[in-house]
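J.:
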Amino acid sequence: MKQGCKIRLPFFVLPIFLILSCQKEEYYPKKTDISEKTKALDNLLEEKNEIEGMTQLGERLENPYSVQNMRTAWDSLSKKSKVTKNSEIITTHLYIRFKPKTAEELAELKNDSTIVLYDLPLDYEIISDGDFYHDPELPQSQPTYKYASIPKNKKTPTDIEFEVLEELFIPDEDSDTNEFKANSFASKETIDRLVDESLRLTNNLDELEKENPLASRRRWRPSGRVRVYDHITRSYAPVTGLKVRARRWFTTHRGFTNNSGNFKCGGRFRRKANYSIKWDRYEYSIRSGTFGQAILNGSKRRGNWNVNLGKSSSSIVNDKQQYYALIHQGALDYYYGSRFGLTSPPRNKFLRKQLKIAARPKSGQSSYVKARSIYLGADISLQAWGKTSDRVYGTIVHELAHAAHKRVDRKSYNSLVWGAYTGPCTSFNGCQNLGPTANGKRRLMETWATTVETVFVLNRYRNLYRLKSFDYNSDNFQFQRTAAENHYTSAGYDMIDNLNQRSIYGTDRPLDRVSGYNIKQLELGLRGAKTWQDWKNNIKARFNNPTEIHLDELFNNWQN
Ligand SMILES: [Zn+2]
Numbered sequence: 348m349k350q351g352c353k354i355r356l357p358f359f360v361l362p363i364f365l366i367l368s369c370q371k372e373e374y375y376p377k378k379t380d381i382s383e384k385t386k387a388l389d390n391l392l393e394e395k396n397e398i399e400g401m402t403q404l405g406e407r408l409e410n411p412y413s414v415q416n417m418r419t420a421w422d423s424l425s426k427k428s429k430v431t432k433n434s435e436i437i438t439t440h441l442y443i444r445f446k447p448k449t450a451e452e453l454a455e456l457k458n459d460s461t462i463v464l465y466d467l468p469l470d471y472e473i474i475s476d477g478d479f480y481h482d483p484e485l486p487q488s489q490p491t492y493k494y495a496s497i498p499k500n501k502k503t504p505t506d507i508e509f510e511v512l513e514e515l516f517i518p519d520e521d522s523d524t525n526e527f528k529a530n531s532f533a534s535k536e537t538i539d540r541l542v543d544e545s546l547r548l549t550n551n552l553d554e555l556e557k558e559n560p561l562a563s564r565r566r567w568r569p570s571g572r573v574r575v576y577d578h579i580t581r582s583y584a585p586v587t588g589l590k591v592r593a594r595r596w597f598t599t600h601r602g603f604t605n606n607s608g609n610f611k612c613g614g615r616f617r618r619k620a621n622y623s624i625k626w627d628r629y630e631y632s633i634r635s636g637t638f639g640q641a642i643l644n645g646s647k648r649r650g651n652w653n654v655n656l657g658k659s660s661s662s663i664v665n666d667k668q669q670y671y672a673l674i675h676q677g678a679l680d681y682y683y684g685s686r687f688g689l690t691s692p693p694r695n696k697f698l699r700k701q702l703k704i705a706a707r708p709k710s711g712q713s714s715y716v717k718a719r720s721i722y723l724g725a726d727i728s729l730q731a732w733g734k735t736s737d738r739v740y741g742t743i744v745h746e747l748a749h750a751a752h753k754r755v756d757r758k759s760y761n762s763l764v765w766g767a768y769t770g771p772c773t774s775f776n777g778c779q780n781l782g783p784t785a786n787g788k789r790r791l792m793e794t795w796a797t798t799v800e801t802v803f804v805l806n807r808y809r810n811l812y813r814l815k816s817f818d819y820n821s822d823n824f825q826f827q828r829t830a831a832e833n834h835y836t837s838a839g840y841d842m843i844d845n846l847n848q849r850s851i852y853g854t855d856r857p858l859d860r861v862s863g864y865n866i867k868q869l870e871l872g873l874r875g876a877k878t879w880q881d882w883k884n885n886i887k888a889r890f891n892n893p894t895e896i897h898l899d900e901l902f903n904n905w906q907n
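And the structure:
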């Protein structure tokens, strides 16, 4: 990592105006300016912490599937007993190290979902499991190498540099799509004996298998369940839409978790396999801290993998895998769920990249960053560490709502960002001393994201988990005093709910006699909205609602 540390930009040289909009850390915060020195120190400490979480590799293992070793095993086997084969031992697969140089090349490589990519080499012993791996010889700003085993005749992405590490002979790949073709090379029994012999000669049998050669006869299918501890349901909730991988040497079988968190992989093994989760889907990817792909390496085992992430004894999220699971769930629901008909966050398409979420083990201001390639390549810097599960889920949704806002109306969004953040933050007065115009613009951006956040979180707990009396963040922001918050207001949710907080909590709360709008209408109101008042006027003009006569009153609760 030495090289990486040098290349990494110190925090204090990052222009502050790149950070566009922030998720507030607490309900009634006093925003304090931390000195740049403290920030830099903090960053260094975090970096150290991040590297400490990295997987440690041990020795390189002798490869039982190399063509050379398989031929040796065949010779040895045929000396011991009479075996016959139908064809020669020739290369069937290539063990490859891809060397993507840029995020674009990595995106191109990842686009082919038939290639299963690993950050870790496939022929090494693992000494200690971390939650990511980045090759120590590469700078953190460059993607780490990707390892894969691909069929010999498969085309590789043309312009990405790669190296063939080994030519492989894999006769026992037993996947559902590519049925175990026993007769192509030899009988099923002969193939099993050949693989056994090669494992023995390369010293890759474990003690139990040495003592009892019949221990690994029966084929089994990797399956199991993934759940995450949730502080609201007070139970382990299913993690859905998650890709789980089970790998044994150069063969991987994959499965997706369903709504109950259960998965079943599309193939079988005879021996133990390594289960793992790469915290990404086609549309987004979660990074451990700021640079490494977040990964969960499960134990090497035969049989089901049932995993519970996070501890029920903790009242906050302080487990990295629990953190990733909740971030994944929020991003999955926003990208792949019905999302109330709202516009999706930026999609992974031609010339666009997969959205990167830096899951930072810090509590602070999360942000959606416009100039993605500058902040170590991440679009979202998430800092919801130490919060409860509903807040972690809500924070990723909040940041994705900013990203989606840009897609609703790029021109208006850019104008808002300029007026609310870029302009003030580069001027003499600074980010915190805004005039009424800038306050209004920032209020629009943050109130919108807060509204989407609230609606998603309520849906998760009230509808999905049937906790009808669940309220988010102090009665869905209804308890918040008008004077206490000028940007992250309740105004959006106030247009949806039919509760007037002033009648319950008193006159220092916003007056809200508006109700009955839905979140999609509020989003449609963002089109062309470059000010706080624009949003209100658009909603009033575009939809019929008997309470619209109170919209001015609601929006005027926040005055400057
Ligand atoms: Zn925000």
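Going from the sequence shown to my numbering is simple: count from 1 and add 347.
We put the beta carbon where it would ideally sit given N, CA and C, even for glycine.
Remember, it's a predicted structure, so these values are computed and weren't measured experimentally.
Output yes or no for whether 8 Å exceeds the beta carbon distance between K703 and Q730.
T.: One-based indexing of the sequence shown puts residue 703 at position 356. One-based indexing of the sequence shown puts residue 730 at position 383. Not a contact, by the Cβ cut-off of 8 Å.
J.: Just to confirm the assignment, what range does the beta strand (DSSP E) spanning E514 have?
T.: Locating residue 514 in the sequence shown gives position 167, counting from the first residue. Segment 509-515, the beta strand (DSSP E) holding E514.
J.: Sort S607, W905, L871, R574 by Cα distance to L689 and report the nearest one.
T.: The count along the sequence shown starts at 1 and reaches residue 689 at position 342. With distances taken between Cα atoms, L689 lies closest to L871.
J.: Name the two residues that bound the continuous beta strand (DSSP E) containing F610.
T.: Walking along the sequence shown from the start, residue 610 turns up at place 263. Looking at the DSSP string, the run of the beta strand (DSSP E) that includes F610 is 609-611.
J.: Should A785 be listed as close to ligand 1, given that the test is whether its C-beta is under 7 Å from any heavy atom?
T.: On the sequence shown, position 438 is the one that residue 785 refers to. A785 Cβ: outside cutoff for every heavy atom of ligand 1.
J.: Can you tell me whether DSSP reads Y465 as helix, strand or coil?
T.: Here the question's residue 465 lines up with position 118 in the sequence shown. Strand.
J.: S570 lies in the beta strand (DSSP E); which residues open and close that run?
T.: Start at 1 with the first residue of the sequence shown, and residue 570 comes out as number 223. Note, S570: beta strand (DSSP E), 570-577.
J.: Can you tell which of D627, T637, T769 has the C-alpha that lies nearest to the C-alpha of L643?
T.: In the sequence shown, the residue the question calls residue 643 occupies position 296. The shortest C-alpha separation from L643 is found at D627.
J.: Do T549 and N410 count as a contact pair if the criterion is CB distance below 8 Å?
T.: Numbered from 1 along the sequence shown, position 63 holds the residue referred to as residue 410. Numbered from 1 along the sequence shown, position 202 holds the residue referred to as residue 549. Contact: yes.
J.: Comparing C-alpha positions only, which one of T637, R574, G684, Y631 sits nearest to W652?
T.: Taking the first residue of the sequence shown as 1, we reach residue 652 at position 305. Residue R574 is the option with its Cα nearest to W652.
J.: Do L404 and N551 come within 8 Å of each other at the CB atom, strictly closer than that value?
T.: Along the sequence shown, read from residue 1 onward, the residue named residue 551 stands at position 204. Along the sequence shown, read from residue 1 onward, the residue named residue 404 stands at position 57. Going by C-beta atoms, N551 is not nearer than 8 Å to L404.
J.: Given a cut-off of 8 Å, decide if K867 and L763 are closer than it, judged by their beta-carbon atoms.
T.: Sequence index remark: in the sequence shown, residue 763 carries index 416 (1-based). Sequence index remark: in the sequence shown, residue 867 carries index 520 (1-based). The answer is no: Cβ separation not under 8 Å.
J.: For ligand 1, is there any heavy atom lying closer than 7 Å to the beta carbon of H481?
T.: In the sequence shown, the residue the question calls residue 481 occupies position 134. No, since every heavy atom of ligand 1 falls outside the 7 Å radius drawn around the Cβ of H481.
J.: Compute the distance between the beta-carbons of S623 and R572, then report whether it is under 8 Å.
T.: On the sequence shown, position 276 is the one that residue 623 refers to. On the sequence shown, position 225 is the one that residue 572 refers to. Contact: no.
J.: So, with DSSP's three-state summary, where would you put F674?
T.: Along the sequence shown, read from residue 1 onward, the residue named residue 674 stands at position 327. First, the amino acid is wrong: residue 674 is Ile here, not Phe. Helix at I674.
J.: Below 7 Å CB to CB, which residues in the same chain sit around N892 once its five sequence neighbours on both sides are set aside?
T.: Taking the first residue of the sequence shown as 1, we reach residue 892 at position 545. Cβ within range, chain order: G863, Y864.
J.: Between the alpha carbons of G602 and N609, how many angstroms are there, rounded?
T.: If you number the sequence shown from 1, residue 602 lands on position 255. If you number the sequence shown from 1, residue 609 lands on position 262. Taking the straight line joining both Cα atoms gives about 9 Å.
J.: With a threshold of 6 Å on Cβ separation, who are the neighbours of L512 within its own chain once the five nearest residues in sequence on each side are excluded?
T.: Against the sequence shown, residue 512 aligns to sequence position 165. Hits under 6 Å: Y442, R444.
J.: Expressed to the nearest angstrom, what Euclidean distance is found between the alpha-carbon atoms of T836 and K457?
T.: For the purposes of this step, residue 836 is identified with residue 489 of the sequence shown, where counting begins at 1. For the purposes of this step, residue 457 is identified with residue 110 of the sequence shown, where counting begins at 1. In a straight line, the C-alpha of T836 is about 40 Å away from that of K457.
J.: Which residue spans inside the region 793-877 form an unbroken alpha helix (DSSP H) run of at least 4?
T.: You should have 820-823, 838-843, 848-852, 866-871.
J.: Out of L469, Y412, K535, which one is the CA nearest neighbour of E322?
T.: The chain is shown only over 348 to 907; residue 322 falls outside these bounds and no answer can be derived.
J.: What whole-angstrom Cβ distance do T438 and V414 have, given they're in contact under 8 Å?
T.: Against the sequence shown, residue 438 aligns to sequence position 91. Against the sequence shown, residue 414 aligns to sequence position 67. 6 Å between Cβ atoms; contact.
J.: Are the CB atoms of Y631 and A562 nearer to each other than 8 Å?
T.: Walking along the sequence shown from the start, residue 631 turns up at place 284. Walking along the sequence shown from the start, residue 562 turns up at place 215. Taking 8 Å as the Cβ cut-off, Y631 and A562 do not qualify as a contacting pair.
J.: Apart from the five residues just before and just after A750, which ones in its own chain have a Cβ nearer than 8 Å to its Cβ?
T.: Position 403 of the sequence shown, counting from 1, holds the residue named residue 750. Only P692, P693, L702, Y715, D726, I727 meet the Cβ criterion.
J.: Is E452 a contact residue of ligand 1, with contact defined as CB to any heavy atom under 7 Å?
T.: Translated into positions along the sequence shown, residue 452 becomes position 105. Every heavy atom of ligand 1 is 7 Å or more from the Cβ of E452, so no.
J.: For S410, name the three-state secondary structure that DSSP assigns.
T.: By one-based count along the sequence shown, residue 410 stands at place 63. Sequence check: residue 410 is Asn here, not Ser. If DSSP states are grouped into helix, strand and coil, N410 belongs with coil.
J.: Nearest-angstrom Cα distance between D523 and T461?
T.: Taking the first residue of the sequence shown as 1, we reach residue 523 at position 176. Taking the first residue of the sequence shown as 1, we reach residue 461 at position 114. One C-alpha to the other measures close to 14 Å.
J.: Mind checking which residues open and close the beta strand (DSSP E) that includes H897?
T.: If you number the sequence shown from 1, residue 897 lands on position 550. H897 -> no beta strand (DSSP E), and no H or E assigned at all.
J.: I need the boundaries of the beta strand (DSSP E) containing A495, first residue and last residue.
T.: Residue 495 sits at position 148 when you count from the first residue of the sequence shown. 493-498 is the extent of the beta strand (DSSP E) around A495.
J.: With three or more C-beta pairs closer than 8 Å as the rule, is the region 881-890 touching the region 807-820?
T.: The region 807-820, when compared against the region 881-890, does not touch it at the 8 Å Cβ threshold.
J.: Excluding five sequence neighbours on each side, which residues of the same chain lie with their C-beta closer than 8 Å to the C-beta of T419?
T.: Here residue 419 refers to the residue found at position 72 when the sequence shown is read from its first residue. Result list for T419: S545, L548, in chain order.
J.: Measure the beta-carbon distance from L873 to W765 and round it to whole angstroms, keeping in mind my assumption that it falls under 8 Å.
T.: Against the sequence shown, residue 873 aligns to sequence position 526. Against the sequence shown, residue 765 aligns to sequence position 418. In fact, because the Cβ distance is near 16 Å, the residues do not count as touching under 8 Å.
J.: Looking at C-alpha atoms only, which residue of Y629, W596, F616 is the closest neighbour of L589?
T.: Mapped onto the sequence shown, residue 589 falls at position 242. Looking at the Cα atoms, Y629 is the closest of the given residues.
J.: Figure out for me which residue from S488, Y465, E472 has the closest Cα to the Cα of Y480.
T.: Translated into positions along the sequence shown, residue 480 becomes position 133. Nearest C-alpha to Y480: Y465.
J.: Let me know if A620 comes out buried or exposed under the rule of 16 or more other beta-carbons within 10 Å of its beta-carbon.
T.: On the sequence shown, residue 620 is found 273 positions in, with the first residue counted as 1. That one is buried.
J.: Could you give the C-beta distance for L656 and Q669, rounded to a whole number, given that I count them as a contact under 8 Å?
T.: Taking the first residue of the sequence shown as 1, we reach residue 656 at position 309. Taking the first residue of the sequence shown as 1, we reach residue 669 at position 322. That belief holds up - the Cβ atoms of L656 and Q669 are roughly 5 Å apart, short of 8 Å.
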